[in-house]
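Novice: When you read off a place in the sequence shown, starting at 1, and then add 5, the result is the number in the numbering used here.
Quick one: this structure, given as structure tokens, is what I'll be asking you about.
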Amino acid sequence: MNVSTLAKVSKDGRLAGLRIGSLYWGLSLVVRRFLPLATVAVAFSALYLFELDGVGVLGPDEPRYAAIGRSMASTGDFVTPRLWGAPWFEKPPLLYWMDALGTISGLNPDLAGRLPVALLSLAFLAVFFVALQRELSLEAASVATALLATSAGWITYSRLCLTDLPLAVFFSLAVLCALGLVRNSANREQQHWRMLGIGVSLGLACLAKGLVPIALAAPFLWFLRRYWRSWWIAVAGCAFIALPWYIAVYARNGTPFLEDFFLKHHFERLYSVSLQHVQPWYYYFPVLLVGLFPWTPLIGLFAVSAPASAAADRDQRRPFLASVVIFGFVFFSLTLNKLPGYLLPLLPSLFALLGARIDWRLMVRFSRAWLIPCALLIATIPLLGTILPASLSMGRFSLSALKPPTRTEWFYIALPLVVVILARRSWAGLLLVLCVVSGVLYVKSVADPQLDTQVSARGLWRR
């Protein structure tokens, strides 16, 4: 073999090695980036869609809303909400329309309202991730979306036929549209499209729960003040979406609609005891802590000083998100009547702030210390399988039904503790998220039959 042949073989070998190396690097990139996303997407789909009708409709509100949706589907009247034949003006129609669509599609009464809400929640989580990736970073978007999707508040209301989740979704979409305007001076076309997005989102939120999103959007006025000439686009978009129903329902029902919908269920809610939801001013502090479960300890990250920079000082996105959360929290705390679901529209902005706080450098340095208390809380999830039915039956949290853990429960209790101690720090967060998913699915398998028998309207009807 001569020198030229050896050189050719050597060159071909290097090329083959380069090709193999490139293929390995490409596959490695796919595994590192897309496999976790695919795993999380499948896990969240199971979390939100598995056995949605395993329990019949719960509480006083879910049966009412489901009945109104069925009435719309059967009568074809999508303007006037009716409960047992009588007009019912407590809430706007968006949730009823969703329930009616499910009924027309042939879903059973327990699933007709819940499935559209769950699908809306999953779609929002995808949009939330994409928007935060664009506005903040991939790390911030991943953390914020995973924490929001596995928080107790978001999971609970994503699986119920209630108005809180649609309001939270569309108000938060308005916040996401505003983030790009807060970040920089957008060109005229981008400015107009984002203003239109804000208006359309707020219009849909108004169809979900009345004037509440307009009040919650007050911080927009300050942070978008330099775009005041374009505010009319947002106003027009909101009016175009929301006003047709308000005009139509008033035209059909007149003054009773105004008195019941606006005076009683909007303004009297602020100061009157007649609605029987009176709570003290500090009511939402424990509600928020429970809503963030099992990620409640991460609130402490806001007390950790972040590296200062000129760019961060100029960035108004974090102050904007903080103002949305703080203003909404204070607003709801000052109202006389309070319910836990009122805080739901604030959770996406709060978790976006947490995601922005946990940049990759902070995660590498502090992740295990911050994740240990979260893992301890995740370890308590399996115990809820016996606690929840008794607590809901009694109308208050109770440990009276708590029993010694079974072998299966010991497995779910130990799993997050093993993960947080032994897993690599780069994988510990994702694995803990999956521990939450598996724990909640286990709780559903244990608690749903008891809840269906003891608490749900379906169980009451069977008795």
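Where a beta carbon is used, it is the ideal one built from N, C-alpha and C, also for glycine.
So, are the CB atoms of Y232 and L184 less than 8 Å apart?
Specialist: In this structure, L184 does not lie closer than 8 Å to Y232 by Cβ.
Novice: What whole-angstrom Cβ distance do F49 and L130 have, given they're in contact under 8 Å?
Specialist: That belief holds up - the Cβ atoms of F49 and L130 are roughly 7 Å apart, short of 8 Å.
Novice: Thinking C-alpha only, which one of F334, Y276, L181 and V84 is nearest A256?
Specialist: Considering only alpha carbons, the answer is V84.
Novice: Report the option in C211, V445, L339 and G158 whose CA atom is closest to the CA atom of F176.
Specialist: That would be C211, whose Cα lies nearest to the Cα of F176.
Novice: Looking at the structure shown, is L294 part of a helix, part of a strand, or coil, going by DSSP?
Specialist: If DSSP states are grouped into helix, strand and coil, L294 belongs with the helices.
Novice: Kindly list the residues whose CB is nearer than 6 Å to the CB of E414, restricted to its own chain and excluding five residues on each side of it in sequence; keep chain order.
Specialist: Contacts found: P387.
Novice: What does DSSP give as the partner residues of V283 in its beta bridges?
Specialist: DSSP output for V283 lists N342 as bridge partner(s).
Novice: Check each candidate in R430, A357 and G81 and name the one with the smallest Cα separation from L137.
Specialist: Of the listed residues, the one whose Cα sits closest to L137 is A357.
Novice: So is F307 in contact with chain C if we call contact Cβ pairs under 8 Å?
Specialist: You won't find chain C in this structure, because it holds only one protein chain.
Novice: Buried or exposed: which applies to A223, given that a residue is buried once 16 or more other Cβ atoms fall within 10 Å of its Cβ?
Specialist: The residue in question, A223, is exposed, as its Cβ has fewer than 16 Cβ neighbours within 10 Å.
Novice: Cβ of F334 within 8 Å of Cβ of Y289?
Specialist: Yes.
Novice: Does DSSP put A316 in a helix, a strand or coil?
Specialist: Below a pLDDT of 50, predicted positions are generally treated as unreliable, and A316, at 49, falls in that range; no measurement from the model is reported.
Novice: By DSSP's criteria, L88 is part of a beta bridge. Which residues make up the other side?
Specialist: Answer is A91.
Novice: Under a three-way DSSP split, which group does T3 fall into?
Specialist: Missing from the structure shown is residue 3; the chain here goes from 6 to 468 and no further.
Novice: Which of helix, strand or coil does DSSP assign to Q531?
Specialist: It is not possible to answer for residue 531, since the shown part of the chain is limited to 6 through 468.
Novice: Exposed or buried, which one is S79 when buried takes at least 16 other CB atoms within 10 Å?
Specialist: Flag for S79 reads exposed.
Novice: Examine the Cβ distances between the region 412-431 and the region 382-399 and report whether three or more of them are shorter than 8 Å.
Specialist: Cβ pair count under 8 Å is three or more, so yes.
Novice: If L127 and Y53 are in contact, beta carbons under 8 Å, what's the gap, nearest whole angstrom?
Specialist: Correct: roughly 6 Å between the Cβ atoms.
Novice: Report yes if the C-beta distance between N342 and R274 is below 8 Å; otherwise report no.
Specialist: Result yes, Cβ atoms of N342 and R274 sit closer than 8 Å.
Novice: Look at G61 and A462 and say whether their C-beta atoms are less than 8 Å apart.
Specialist: Cβ atoms of G61 and A462: closer than 8 Å.
Novice: Note down the Cα distance separating Q196 from A244, rounded to an integer number of angstroms.
Specialist: Q196 and A244: Cα-Cα distance of roughly 19 Å.
Novice: Would you mind working out which of W375, I377, L376 and P409 sits nearest A389, comparing C-alpha positions?
Specialist: In the sequence under discussion, the amino acid at residue 389 is Leu, which differs from the Ala named in the question. The shortest Cα separation from L389 among W375, I377, L376 and P409 belongs to P409.
Novice: Can you give the beta carbon distance from L88 to A72, rounded, assuming they're within the 8 Å contact cut?
Specialist: Indeed they touch by this definition, with Cβ atoms about 6 Å apart.
Novice: Rounded C-beta distance between F476 and A220? I'm assuming under 8 Å.
Specialist: The first residue shown for the chain is 6 and the last is 468, placing residue 476 beyond what the model contains.
Novice: Would you say L125 and P171 are within 8 Å of each other, going by their C-beta atoms?
Specialist: In this structure, P171 lies closer than 8 Å to L125 by Cβ.
Novice: Around the C-beta of Q281, are 16 or more other C-beta atoms found within 10 angstroms, so that it is buried, or is it exposed?
Specialist: It counts as exposed.
Novice: Helix, strand or coil: which one does DSSP assign to A247?
Specialist: In this structure, A247 counts as helix in the three-state DSSP scheme.
Novice: Taking just the CA atoms, how far does G64 sit from C166?
Specialist: Each residue's Cα considered, the two are about 11 Å apart.
Novice: Would you mind working out which of T458, P454, L456 and K449 sits nearest F55, comparing C-alpha positions?
Specialist: Taking only the C-alpha atoms, the option nearest F55 is K449.
Novice: For L294, count the other beta carbons within 10 Å of its own beta carbon; 16 or more makes it buried, fewer makes it exposed. Which is it?
Specialist: Answer is exposed; the Cβ neighbour count stays below 16.
Novice: By Cβ distance, which residues of its chain are closer than 6 Å to L393, with the 5 residues on each side in sequence left out?
Specialist: These residues qualify, in order along the chain: A452.
Novice: Is T108 helix, strand or coil when you go by DSSP?
Specialist: Reduced to three states, the DSSP call for T108 is helix.
Novice: Would V438 and V45 qualify as a contact pair, given that the criterion is a beta-carbon distance under 8 Å?
Specialist: Yes, Cβ-Cβ distance for V438 and V45 is below 8 Å.
Novice: Taking only the alpha-carbon atoms, compute the straight-line gap between V180 and D457 and give it to the nearest angstrom.
Specialist: Each residue's alpha carbon lies about 37 Å from the other.
Novice: If you compare alpha carbons, which of S147, L268, W375 and R164 is closest to V445?
Specialist: Nearest C-alpha to V445: R164.
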